[in-house]
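Participant: Residue numbers (our numbering), protein chains in the order written: chain R, 1 to 306; chain S, 307 to 612; chain D, 613 to 918; chain F, 919 to 1224; chain Z, 1225 to 1530; chain X, 1531 to 1836. Every residue gets a Cβ at the ideal spot worked out from N, C-alpha and C, and that includes glycine.
There are 6 protein chains.
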Amino acid sequence: MNSPYHASPDVSPEWNLADIVDQLRQSREIEHKIRYLDRVRELPSRETLVTVLDGLAATLFPTHYGRCRLTNDSIDYFVGNTLNATLNLLFEQVRRALYFSEAPETHDKQNLQAKAIEITRRFAARLPAIRSVLVSDLHAAYQGDPAATSISEVLLSYPGIKAVIHYRLAHAIHQLGAPVLARLISDIAHSSTGIDIHPAARIGASFFIDHGTGVVIGETTIIGERVRLYQAVTLGAKSFPADPDGKLTKGIARHPIVEDDVVIYAGATILGRITIGRGSTVGGNVWLTQSVPPDTNVTQAKTQED
Amino acid sequence: MNSPYHASPDVSPEWNLADIVDQLRQSREIEHKIRYLDRVRELPSRETLVTVLDGLAATLFPTHYGRCRLTNDSIDYFVGNTLNATLNLLFEQVRRALYFSEAPETHDKQNLQAKAIEITRRFAARLPAIRSVLVSDLHAAYQGDPAATSISEVLLSYPGIKAVIHYRLAHAIHQLGAPVLARLISDIAHSSTGIDIHPAARIGASFFIDHGTGVVIGETTIIGERVRLYQAVTLGAKSFPADPDGKLTKGIARHPIVEDDVVIYAGATILGRITIGRGSTVGGNVWLTQSVPPDTNVTQAKTQED
Amino acid sequence: MNSPYHASPDVSPEWNLADIVDQLRQSREIEHKIRYLDRVRELPSRETLVTVLDGLAATLFPTHYGRCRLTNDSIDYFVGNTLNATLNLLFEQVRRALYFSEAPETHDKQNLQAKAIEITRRFAARLPAIRSVLVSDLHAAYQGDPAATSISEVLLSYPGIKAVIHYRLAHAIHQLGAPVLARLISDIAHSSTGIDIHPAARIGASFFIDHGTGVVIGETTIIGERVRLYQAVTLGAKSFPADPDGKLTKGIARHPIVEDDVVIYAGATILGRITIGRGSTVGGNVWLTQSVPPDTNVTQAKTQED
Amino acid sequence: MNSPYHASPDVSPEWNLADIVDQLRQSREIEHKIRYLDRVRELPSRETLVTVLDGLAATLFPTHYGRCRLTNDSIDYFVGNTLNATLNLLFEQVRRALYFSEAPETHDKQNLQAKAIEITRRFAARLPAIRSVLVSDLHAAYQGDPAATSISEVLLSYPGIKAVIHYRLAHAIHQLGAPVLARLISDIAHSSTGIDIHPAARIGASFFIDHGTGVVIGETTIIGERVRLYQAVTLGAKSFPADPDGKLTKGIARHPIVEDDVVIYAGATILGRITIGRGSTVGGNVWLTQSVPPDTNVTQAKTQED
Amino acid sequence: MNSPYHASPDVSPEWNLADIVDQLRQSREIEHKIRYLDRVRELPSRETLVTVLDGLAATLFPTHYGRCRLTNDSIDYFVGNTLNATLNLLFEQVRRALYFSEAPETHDKQNLQAKAIEITRRFAARLPAIRSVLVSDLHAAYQGDPAATSISEVLLSYPGIKAVIHYRLAHAIHQLGAPVLARLISDIAHSSTGIDIHPAARIGASFFIDHGTGVVIGETTIIGERVRLYQAVTLGAKSFPADPDGKLTKGIARHPIVEDDVVIYAGATILGRITIGRGSTVGGNVWLTQSVPPDTNVTQAKTQED
Amino acid sequence: MNSPYHASPDVSPEWNLADIVDQLRQSREIEHKIRYLDRVRELPSRETLVTVLDGLAATLFPTHYGRCRLTNDSIDYFVGNTLNATLNLLFEQVRRALYFSEAPETHDKQNLQAKAIEITRRFAARLPAIRSVLVSDLHAAYQGDPAATSISEVLLSYPGIKAVIHYRLAHAIHQLGAPVLARLISDIAHSSTGIDIHPAARIGASFFIDHGTGVVIGETTIIGERVRLYQAVTLGAKSFPADPDGKLTKGIARHPIVEDDVVIYAGATILGRITIGRGSTVGGNVWLTQSVPPDTNVTQAKTQED
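Structure (structure tokens):
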């Protein structure tokens, strides 16, 4: 709401642009790694992905994230048109992302384009199933929070739901073969909710995160059904195995398995490839690096004194 | 800053839209709960609420959140016009929100409209009083942070102040009878500050939250005057009483009472309907589930080892 | 995606605007402190600063944050033009910010304008050096996260990198004499990443923050090279020395010194002017208020029980 | 392309706003006629009508005025969704316009709303027929202009076609009972093409206006099929009959009848309720106030001399 | 309504930018006249003037060009706030325009700024009087066009009224000493209405132009009260007296005087400093270069033949 | 300036969308001609062309149509960057336009893309020469209009200059082989100035059109140097030769040749392949269909009577 008539300086200073531009060019050229990447001219666009995510949300829940005044006469036209526009945008983003994950020798335009169409088409076909799981998540949120008064309220104002919708879409994209795009979607959700779920994690139905700020769920985490988390819960790795050259080994299972019906309270930190048995409860601020059997109630050691 | 001339694919693929649209319709129809909600056609709009909040901030602090070049000649015109435009928008949002909180048998348009006018008018009348409390909060921030150099800096760049302004507006709207709207305002503040204050919580004057990411203040919390919190403090519920059917009982007092002049350091977790006596200090990372008398200094057990 | 044809109320209520406007004016006039500030008519603009930061990012990494389809023929024109437009905007924001940090007796327009030009010109001259350090940070992120697949992915989707880019720019502006502007930049980064780095902190090359939500790095913190932090780490002050009048003493060194090659895991809280010796590791959730010698491995006391 | 960092004045002058606002209020109050109209709070919106016209053009010619990349899979979703959104907007504009044309005693909201729905629904039902006539106009343009190279070129760059599309839509709205709206549409076309066709005029199929600037076609004009006009042709009234009180009598047939297959060249002025017989040609700059039989070739008197 | 996912080329061609940029620089430098003007860095902004004109229209006729839902409670706040914002913008445009019309030796910033304030303040003070004359124009339009059904319709859809509102504002600005700005306003009106009125012309009350495309009213024209024009009327100069050097003499009275109650029909061309006596009628397409006494009826020679 | 809180209808009517969508589809399918064109999916975009034209104007006259505060330090960066962005956009539009003008058997994407690059590159190379001619036009306008006070005023507010800038750019594009694009540019200029110049016309340097509304200059017109036109001048075709089948023969020279130093006053109509000898003057409203020798003064027959 700043007006366009600020007082501003009387002068038009010069900034030695030519020198700085020259040094910046040299800086780009020195680093070969970065320069190489410069040749990939078309990166996925964060702004376009935000539009894609809004479009998918409108497609899945048209009366909440779409448009007012949808009628029986018009709702399918709205859904179909939004879906088409959104998939066309997504397809192009998938195509760009494939330059990152596919082997360089396959970087023929026709080939990547065909692959992007295939991925996008499969993703589209999964949307009804994704919607079904999201409905289970909505019910879990409504039933799990004493403060929730309706499912519409949950859809409109729960960051945990926003994070889960983004996760389920990102997970499908990750599985179908566009991991860079999936990471970008995770980061978009992270930025607006404070909840950081790696798209490769596997999470069952009826999942609910309350409040959520600071939650981190790592790449190889497996979560069962009807699990509930609170803010600042970490499901992380305990250590990063390195190969003999000291390089981190990528892709090893290193995050927890959380079985069905587990509740993990705020601030709990659970690290390593351990298993939290079904029906267990992990108390707030608990630090846990060993598996626990089903139906265990893990609480923090008596730590407060005065 | 993405340009409009990206290279994009040469083809216009088809996506089997008819099938997916059909399955999505079936998915909506199967779940009766969701379908019922579909009939409520006009949900509160998050985008409009953001405009309302900007307008209220401009009304309360016109030289900081409003417009440059306000003069004695013009400032009241700016405030009056902004207030009018903002209240008209708010009124409509209140009207929509009442469909959630009012009993269905009162859902006559004339009735809810009249109620929305009444709520909005009362809210408007409270704005000068809300402004006074916010000034006390500003002074608390300025005095409580050694790094603060002026009140203008606090207004411009402190997430804690942003969260408190949103909270005080949301709290008034909650009290006046539009709780769903109040929750939406909370979530807007939560998303941009990482601070999650339930609008039903009661918080006294001269309140300050520093840094703030991860702070959670629950629905039935009561906070006195001159209280200061740091990041990642939780004022939460210890357990959720369920009725004999296993359903959570809603609305029971289950969050802490924090009396005047208490300071709670980063990461402290305080759970349940306990009382932190006036003048007490709760140390960082402390886990507290029992009341403490006034002027207590609660610190964490010696937990670091090497 | 809300449509412009919502049903809305049939009435145009009146809101007693004159009364409220009058009370708000009185509220502004009562508080002398605030009223004084009203005379500073031109505050730095958060919206413009966001544009400045986007422009600087595009200048530093034109192929990632700038524009597609840059060629050898065109890239320097793009960089030069973006840099010029950005510096002109920044210069005006610096000029406004100087009213806060310069002594009132120097508030002559010509004087502050000349000073703002000087600061902006020096800042511009530092950009190539800032870029070099940021490249070291990028490599640190790529090497430090087993999940990272390319440097482009890091640039596009890592909140830690976004926070560090903002920090390094804010730090230069802080050093050159525009601290209020630097704080605003910090808060912009904090709002979108959940990472709160005071611009006065000093941080060495090859710095990496993973996940990052809830990280707080205080004003007088000193961090060496090749340091890695995880989410929710606090590098804070233990206490705030007050002068005999009870006022907080500002500017005293009160935050930790973290030497080269230290790793600090999620949730660790390190408070006070202590030193973490080079090569040390601080475990998750550790609470640390005393210095540790080089190569120490600090872990939490065994706290989990069941 | 003006940048946001213009130098601007150093002062914030006061403008005696209170005085001017007061005088403007008095000016409004003095004129009863104008004040009366003030009570009609909701006037049709020119901006919304422009959106409606764009939407209708996209519905009628989706591949030219709609969207690229329409496929058999998606085109009907696009057309249906655009049509629905457009009709909802139009319906509201019709409702507002009815306050002008309907007798005041019928200004009950429910009544006018029902009437607006009826008008909009009938208008929608006519769209396929309107499209058919427009296709005849397109062919007439393509065949009538030696410079035209394709029908797509005609659709994209002929002001005469734009004017005729607007006219045919405005005419249907005029016939169905919303004349004020129809006039607004005429003025929108007039502003961008220089062609002024009263929506009440009746114009047959295969109509073509070349160049078009300055063409005026009056309210009671009747034009047959396959008529072609050039720029600056006036089909106007010769005189305005007044009633005994000196007031103009409204609605009397006072403009020409132009029969089938007539061509009227640039600058010709044809006034009064006269008939231009079928197959006639009216030369450039001709001034004509009497009927001519079929197949007449009317040319200007030899007027150039040197 | 073009979508953002057009297919576009696969290549990023280079354009020899350096050569062309170099030649364009040389082209600028060769022409001294143009280069001199380059030093005037801040030209009036057409876009800002459009905003100013919208703001003035909203101030003068708030219920038609301003905002819906204005109440007695709010209308003066709306008018005052819009007026203030608009005058601040106008003031800056006046200041820029003065560099063109004031003698170069007065181009001291303080001096021109003070003059711009004075001009803007006087302009503001005239607005109520301008409004009164415009109300007379509105009534003239309503009474002069048999097709007009209400004054609201005239305000919303008559290009002649738009042109006259712009003219009366431009004329005041011209008289007060900012002729370049006045010309820009004329051109804005010309572009959207096809009516070209020089702002220096003097036009009495109750003025009406019907249809209007192609009307030209020259710099030294004087028009009395209750005059009515139709489309394509020219009130122009017959010849341009040159000084002995062959340069055109500027500012000499060279356009017609049109006395009260004259009607001039479409296409009439009236040239030179002649007088059309009060109450006369000039027929369509008439070519007139000599004065006519009052109450004359000028018609075209019988020119049509067949 | 319409507010977003209009009252609107209480109902969401249904519009029988399925029926209308179905009929519209049938309407498209019946007309083979139109359906054929449907397959050309990517038409040139009028909106993008407007951006291209703004960019070219900014490149040619950066201080008037570009940006304030250009310095020696920055102006070439601005010009180079704007030129690059603009040429990239233009290239894509040229590529799309070639589908209209190139023979169908050449519609291979690679081929048309290469041709579009070639056309755009040649066009870019001509810009400095186009600028030189436009400077001659500017001087002609300044010297030809007694009301002009500076060349900046001419650049900012003369529709004739806008039309000529568009014409000279469109003409180059037409010559280089993208006629459909050239027509679109003509229509864009026509819409905002009322001046309709066919891009194939050939016009010499120092050309000036005053006022301009209604001017039409046909496809095969040839105009010499230092020619001046006033509003409503037509340089048109007298008749359209048809081939034996009755089809219009396209491309035959059928418009006037106007030699150097000719002045043509308002409303003159000059038709057919005739020659107006150098130095002649054609009076207002003259109707001319025969050649005139050099230095002729053509005036209208005495036509006014009373």
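1. If I'm right that Thr120 (chain R) touches Val94 (chain R) with Cβ under 8 Å, what's the distance once you round it to whole angstroms?
2. Restricting to Cα atoms, I'd like to know which of R:Pro199, R:Val133, R:Gln290, R:Leu156 is closest to Thr486 (chain S).
3. Mind listing the chain F neighbours of Tyr77 (chain R)? Cutoff is C-beta to C-beta under 7 Å, in chain order.
4. Helix, strand or coil for Asp994 (chain F)? Go by DSSP, reduced to three states.
5. With burial defined as no fewer than 16 other Cβ atoms inside 10 Å of the residue's Cβ, what is the status of Arg1426 (chain Z): buried or exposed?
6. Hey, how far is the Cα of Gln902 (chain D) from the Cα of Gly884 (chain D)?
7. Answer with yes or no whether the minimum CB distance from Ser1515 (chain Z) to chain S is below 7 Å.
8. Does the Cβ of Lys774 (chain D) have 16 or more other Cβ atoms within 10 Å, making it buried, or fewer, making it exposed?
9. Applying the criterion that 16 or more other CB atoms from any shown protein chain within 10 Å of the CB defines a buried residue, is Asp325 (chain S) buried or exposed?
10. Please report the straight-line C-alpha distance between Gly583 (chain S) and His802 (chain D), rounded to a whole angstrom.
11. So, is Gly224 (chain R) buried or exposed, given that buried needs 16 or more other C-beta atoms within 10 angstroms?
12. Could you tell me which of D:Ser851, D:Gly830, D:Gly863 sits nearest to Val870 (chain D), measuring between CA atoms?
13. Given a threshold of 16 other Cβ atoms within 10 Å of its Cβ, counted over all protein chains shown, does Pro410 (chain S) qualify as buried or as exposed?
14. How is Asp601 (chain S) classed by DSSP in three states: helix, strand or coil?
15. For Thr825 (chain D), decide whether its Cβ has a neighbour in chain R, counting only Cβ atoms nearer than 7 Å.
16. Would Leu1495 (chain Z) pass as an interface residue toward chain F - the criterion being a Cβ-Cβ separation below 7 Å?
17. Between Ser992 (chain F) and chain R, is any beta-carbon pair separated by less than 7 Å?
18. Who are the neighbours of Glu1443 (chain Z) on chain X, taking C-beta pairs under 9 Å?
19. Using beta-carbon positions only, say whether Gly1130 (chain F) and Gly1078 (chain F) come within less than 7 Å of one another.
20. Does the CB of Ser191 (chain R) have a neighbour CB from chain D at under 7 Å?
21. Would you tell me roughly how many angstroms separate the C-alpha atoms of Tyr1795 (chain X) and Gly1813 (chain X), rounded to the nearest one?
22. Closer than 7 Å, Cβ to any Cβ of chain F: which residues of the region 1753-1767 of chain X, in chain order?
23. When burial is assigned at 16 or more other CB atoms within 10 Å of the CB, is Glu1577 (chain X) buried or exposed?
24. Could you give the C-beta distance for Gly1112 (chain F) and Gly1491 (chain Z), rounded to a whole number, given that I count them as a contact under 8 Å?
25. Does Asp1606 (chain X) pass the burial test, meaning 16 or more other C-beta atoms within 10 Å, or should it be called exposed?
26. Which whole-angstrom value is the C-beta distance of Val215 (chain R) and Asp196 (chain R), which I expect to be below 8 Å?
27. Sort X:Leu1818, X:Thr1589, X:Asp1790, X:Thr1581 by Cα distance to Leu1765 (chain X) and report the nearest one.
28. Candidates S:Leu535, S:Val533, S:Ile558: which alpha carbon is nearest Ser545 (chain S)'s?
29. What residue does the alpha helix (DSSP H) around Gly973 (chain F) start on, and which one ends it?
30. In whole angstroms, give me the CA-to-CA distance for Gln1556 (chain X) and Ala97 (chain R).
31. List the residues that DSSP assigns as beta-bridge partners of Phe1126 (chain F).
32. Could you pull out every residue in the same chain whose Cβ sits closer than 6 Å to the Cβ of Phe1630 (chain X), ignoring the five residues on either side in sequence?
Facilitator: Reading off the structure:
1. Thr120 (chain R) to Val94 (chain R), Cβ: 6 Å. Contact.
2. Residue 486 (chain S) is actually Val in this sequence, not Thr. Answer by Cα proximity: R:Leu156.
3. Neighbours of Tyr77 (chain R) on chain F, chain order: Tyr995, Gly998, Asn999, Asn1002.
4. Asp994 (chain F) carries a helical assignment under DSSP once its states are collapsed to helix, strand and coil.
5. Label assigned to Arg1426 (chain Z): exposed.
6. Per the coordinates, the alpha-carbon of Gln902 (chain D) lies some 8 Å from the alpha-carbon of Gly884 (chain D).
7. No Cβ of chain S is located within less than 7 Å of the beta carbon of Ser1515 (chain Z).
8. Here Lys774 (chain D) is buried: its Cβ has 16 or more other Cβ atoms, across all protein chains shown, within 10 Å.
9. With fewer than 16 other Cβ atoms inside 10 Å of its own Cβ, Asp325 (chain S) counts as exposed.
10. Computed Cα separation, rounded: 32 Å.
11. By the neighbour-count criterion, in which a residue is buried when 16 or more other Cβ atoms sit within 10 angstroms of its Cβ, Gly224 (chain R) is buried.
12. The candidate whose alpha carbon is nearest that of Val870 (chain D) is D:Gly830.
13. Result: exposed.
14. Residue state, collapsed to three classes: coil.
15. Nearest CB-CB separation between Thr825 (chain D) and chain R: below the 7 Å threshold.
16. It does not; no Cβ of chain F falls within 7 Å.
17. Answer yes: the Cβ-Cβ gap between Ser992 (chain F) and chain R drops below 7 Å somewhere.
18. Near Glu1443 (chain Z) (Cβ distances below 9 Å), the residues of chain X are Pro1676, Ala1677.
19. Yes, these two residues count as a Cβ contact at 7 Å.
20. At a cut-off of 7 Å between C-beta atoms, Ser191 (chain R) counts as an interface residue with respect to chain D.
21. C-alpha of Tyr1795 (chain X) to C-alpha of Gly1813 (chain X): approximately 5 Å in a straight line.
22. Flagged, chain order: Ala1762, Thr1764, Gly1766.
23. With fewer than 16 neighbouring CB atoms inside 10 Å of its own CB, Glu1577 (chain X) falls in the exposed class.
24. 14 Å between Cβ atoms; not a contact.
25. Answer is buried; the Cβ neighbour count reaches 16.
26. Indeed, because the Cβ distance is near 7 Å, the residues count as touching under 8 Å.
27. Comparing Cα-Cα distances from Leu1765 (chain X) to each of X:Leu1818, X:Thr1589, X:Asp1790, X:Thr1581, the minimum goes to X:Leu1818.
28. Taking only the C-alpha atoms, the option nearest Ser545 (chain S) is S:Ile558.
29. 964-978 is the span of the alpha helix (DSSP H), which, as asked, contains Gly973 (chain F).
30. Whole-angstrom Cα-Cα distance: 40 Å.
31. Residue pairing for Phe1126 (chain F): DSSP places it in a beta bridge opposite F:Arg1146.
32. Excluding sequence neighbours, Phe1630 (chain X) sits near Val1710.
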